[in-house]
Amino acid sequence: MDEVATGDAEGDVGVASTLDMFREHEQVRQMLVSIPTAVKLPITAEKAFEDLKTLLDEYQEQPHLMDPYLEDLLGLLVALTRDNTQTTEVTSQGFKYLWLFTKVRGYKTIVKKLPHEVKDLLPVLKLLESEEVKSDFYGSYVLLMWISIIVYMPFNMMGFDTTAIAPQEGDTVQPTVVER
């Protein structure tokens, strides 16, 4: 980080910082990989979130420096949130981290880097309907942002026909987004 003295005509001098590259990308990558261990205790999960927030906030004024590494970093987070074997805490932390990247880099850039294939529509809808995500701001925000790019893909609605699946006896039928 270079510090540059700035001033105006009246002699006021301030310090501005400029960055020349995203030097912490390996540290950030390690933080993302260690999410499952970080969320074992609520206090370590919160500390990990705050550490990443502090680190990424340094790039608020020059977020483009993260661009060469975004695809890899977002890929790790998306894989984590897609993994059905992960706990709710891990998925929730993944959504929080995705929100941090969105806050710093901007949703237009992040949404372009998210996977946007037709096969992603139903899993994202199911995640959005899940009880864990309904009460989670970060999860709802990221999933709605993600679905906003998926719906631009042309697809055949007949592929999502859920009328062929008959409910089992004793099942409580709750209409899903696709059935509404």
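Numbered according to our numbering, the sequence shown spans residues 1290 to 1469.
Even for Gly, the Cβ is constructed at its ideal location relative to N, Cα and C.
What did DSSP end up calling residue i once you bin it into helix, strand or coil?
i     : result
T1398 : helix
T1307 : strand
P1484 : Any answer about residue 1484 is impossible in this case: the structure gives the chain only from 1290 up to 1469.
L1284 : Any answer about residue 1284 is impossible in this case: the structure gives the chain only from 1290 up to 1469.
Q1382 : helix
T1377 : helix
Compare the Cα-Cα distances from residue i to each of the options and report the closest residue.
i     : options                       : result
L1387 : L1410, S1429, P1412 and E1406 : S1429
Q1316 : Y1358, E1421 and L1410        : Y1358
R1312 : Q1351, S1323 and L1432        : Q1351
L1321 : P1331, L1369, M1310 and T1307 : L1369
L1432 : K1385, E1339, L1365 and I1324 : K1385
T1343 : K1423, R1318, N1373 and L1389 : L1389
If you drop the 5 nearest sequence neighbours on each side, which residues of the same chain put their C-beta closer than 7 angstroms to that of residue i?
i     : result
V1367 : L1403 and P1404
E1360 : K1402
S1424 : none
Between which two residues does the alpha helix (DSSP H) containing residue i stretch?
i     : result
S1319 : Note on identity: in this sequence residue 1319 is Gln, with Ser being the wrong assignment. That run of the alpha helix (DSSP H) goes H1314 to V1322.
M1434 : F1426 to I1439
E1420 : E1420 to K1423
T1370 : D1356 to R1371
Just to check my reading of the structure: residue i and residue j have Cβ atoms closer than 8 angstroms, yes? What is that Cβ distance to the nearest angstrom?
i     : j     : result
L1354 : Y1348 : 6 angstroms
I1438 : V1413 : Contact doesn't hold; Cβ gap of about 10 angstroms is too wide.
M1434 : T1391 : 7 angstroms
V1407 : M1442 : 5 angstroms
Leaving out the 5 sequence neighbours to the left and right, which residues in its chain are closer than 6 angstroms to residue i when beta-carbon positions are compared?
i     : result
M1447 : none
E1421 : T1377
Once you ignore the five residues that flank residue i on each side, which residues in its own chain have a CB closer than 8 angstroms to its CB?
i     : result
A1334 : A1327, V1328, E1378 and Q1382
D1346 : V1393
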